[in-house]
Amino acid sequence: MVIEDLYRKPYHEYLNDIINNMVEGVITENNMLVKEIKEWLDSETRKIMLVGEAYYRNKTDIRENKKRDAEWKSNVKLEHGYAKKLVDQKVGYLLTKDPTIGTENKQYRELLKVVFNRKLLKTLKNVGKEAINKGIAYLYIYFDEQGVLSFKKFPSEQILPFWKDNEHTELSAFVRVYKESIYLNGKKEVMTKVEYHHPDGINYFVLEGNKLVPDVPAGIESTYHFTINDKPFLWNRIPLIPFKYNEEEQPLIDQIKSLIDNYNTQASTNADLLADIPQFIYKLINYGGADLKEFLNDLNIYRAVNLDQDGDLDKLQATPETDATEKELDRGRKSIYEFGRGVDTTDANLGNASGVALRYRYSDLDMDCNILESEFQASIEHVLWFVKEYFLMTGQGDFTKESANIIFNRDIIIAESEVIADCQKSVGILDDKTIRENHPWYNEEVEKRLEEQKKSEMDEYDNYRTSFQKLNGGGGDGQES
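Just so you know, the sequence shown maps onto residues 1 to 481 in our numbering.
Shown next as C-alpha cells:
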C-alpha cells in the first residue's frame, strides 16, 4: 500500500463532500440573488423612482419637512402638481394619438393593426408615463389564457435588471420583487415574492429575511414561457423590454424636485404669513371694559366699546410685504417649466401666438419628446421581434425579413388658420394627397371617406347618364311612331 493511502478519506465521506459542495453551490447562487435584491431595494436608483411616483401623485416632501415654530402659528402645506402636469404634457404630446404603421406589406400591416390595438396603445401610453417618472419602464410579453400575445407593464421599482450590454438595450436576466397579500390561517400577511427570469425559464421564491425559499403555490419553477398544442416553448430572448426616458435613464423628477420643493416652501410660508398677521391691530387707551375678550365681543355685537375718561381707540392696518415672495414664486415657476422642458399654459401671450411663435414656445417640449421617441423606437424594434416570432409560430405568416415603422403622431399645437391657408396656396404646386396630409384635420379616415365620396359621385353620374339615355331613347321612338 502506498503511504498516501493512509491519509485518504473513506469513499462515503468523499461522496458526502461532493453532495455538500453541490448544495453549497446552489445556496451560494441564491445568496448572490439575495445580496443583489437587498442592494437593489436600498439603492438610490430605486428610491428616486419612488420619489418620481410620489411627486406625480402630488405627495411631496413638504408634508414631512415643514414644521410649525410655535403652537399658535399656522402650518400651511401647499403642494403644487407641477410634476404631474409636465409628465402628462409630454405623454399627451407624443403618445395619445394613434400611431401610423408604415410597411410595404399590406398583410403585415393589417396583422400589426390587430396587435397594436387600443389596449396595447393605452399600455404604451402608461409605459411612457412610467419612463418619465422613473427613468425607465418595462414591458413584459406573455400569452393570455386564450393564447393571444399580450403585454403588461411592470412597475420599474420591482425590476432588478441584469444587462447583456453596457448600453442597457437588452436583458440577459432579471429579478422581479414585489409584495403580495395572502391569508394564512385566517390572518392577512404580506409576503415578498421573488421571480427570477433567466434564459432557461423562471424560478419562484419567497424572500424570508436573508433567504430565498421556494414558492410552492407559484410552482417553484417554470421551464417554458408558453405552450403551443401542449408543446412547451422558451423565447430566445428575455421577454421584458426596457423603455427609457433618456440614455442616462434619469427621471424627470431629478431635474425639478428641488425647484418644486422650493416653490412649495415659499408658497406655504407666504400663506402662513397672511394667516398669522391680523388684518387690523387695535390701539386702546383707557379702555373701560374688563378684558380684551369683552372688547372684541362688544365691537362685534354693538359696533361700540366703553372707554374711560380721556380714553381713545385707534386702528392700525397690517400690510405684510409679499412682493418679494411673489417675484420668487414667479421665478420658481419659470424655472420648473424651463428645466422640466414643458410649456407654461398660463402664459397670457400663448393664446395669441402665431405659428412661428407657437413652435418656439413648444421647442423645449418638442426636444424632450424627440429624445423620448428615439428611445421608444429602439424598444419598439424589440417588440416587433416578438410579434414576428408570434406570427411565425401561429402560422399567420413569415415576416421576419419585413420592416415596419411605428410612427408616433404628435398632438402638435398649431395655428390652424395659417396651416389651412398654406395648404390652399400649395394647390397646383404639390399633389392633392400631400396637401391633405399636411392639413390639420387630416387622418387615415379621410382617404376612406374620399373613396366613398368618389364612388357615390360616380354612382350618381352613372344613374344620371342612364336616365338621360333612356329619355333620349324614348323620345326617338316617339318620333319614329
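Even for Gly, the Cβ is constructed at its ideal location relative to N, Cα and C.
- When Cβ pairs closer than 8 Å are counted between the two stretches, the segment 228-247 is seen to touch the segment 123-136, the count reaching three or more.
- In the structure shown, the three-state DSSP call for K152 is strand.
- Secondary structure of I253 (DSSP, three-state): helix.
- If the five residues before and after G128 are omitted, its C-beta is found closer than 8 Å to the C-beta atoms of K90, V91, L94, L95, A137, F243, L372 and F376, all from its own chain and listed in chain order.
- Apart from sequence neighbours up to five positions away, the residues of its chain that approach Y390 with a beta-carbon distance below 6 Å are L149, ordered along the chain.
- Sequence-distant partners of K193 (beyond 5 residues in either direction) whose C-beta falls short of 7 Å from its own C-beta, in its chain, are Y178, E180, V206 and D215.
- With contact defined as three or more Cβ pairs closer than 8 Å, the segment 226-241 and the segment 164-179 are in contact.
- The three-state secondary structure of L392, taken from DSSP, is helix.
- Within the DSSP secondary-structure output, K193 pairs in a beta bridge with Y178 and V206.
- Comparing alpha-carbon positions, the option among A275, Q266 and D310 lying closest to R331 turns out to be Q266.
- Going by DSSP, I141 is part of the beta strand (DSSP E) stretching over I136 to F143.
- The segment 54-66 makes no contact with the segment 35-43, as fewer than three CB pairs between them are under 8 Å.
- DSSP, reduced to helix, strand and coil, places F226 within a strand of the structure shown.
- Secondary structure note for L160: its beta strand (DSSP E) is the uninterrupted segment I159 to W163.
- In this structure the segment 101-109 does not touch the segment 67-86; the number of beta carbon pairs closer than 8 Å is below three.
- Per DSSP, G52 is one residue of the alpha helix (DSSP H) stretching across E44 to Y56.
- Here the segment 152-170 does not lie against the segment 219-233, with fewer than 3 beta-carbon pairs under 8 Å apart.
- When the beta-carbon positions are compared, F386 and I141 come within less than 8 Å of each other.
- Pairing S74 with D276 gives a Cβ-Cβ distance under 8 Å.
- When secondary structure is reduced to three states using DSSP, T169 falls in the coil class, being assigned neither helix nor strand.
- At least 8 Å separates the beta-carbon of E145 from that of L50.
- If you draw a straight line from the Cα of R361 to the Cα of N438, it comes to about 21 Å.
- Of the other Cβ atoms in all chains shown, 16 or more fall within 10 Å of the Cβ of D368; this residue is therefore buried.
- In the DSSP annotation of this structure, the continuous segment of the alpha helix (DSSP H) that includes N65 starts and ends at I62 to N65.
- Distance from the Cα of R46 is smallest, within the candidate group A131, D344, K66 and K122, for A131.
- In the three-state scheme derived from DSSP, where H, G and I count as helix and E and B as strand, Y442 is classed as coil.
- By alpha-carbon distance to F151, the top candidate from C423, N443 and L120 is L120.
- For a cut-off of 8 Å, the C-beta gap from V76 to A324 is around 18 Å, too long to register as a contact.
- Between the alpha carbons of D459 and V427 lies a gap of roughly 27 Å.
- Here the alpha carbons of T227 and V213 stand approximately 27 Å from one another.
- Assignment of beta-bridge partners to F468 by DSSP yields no partner.
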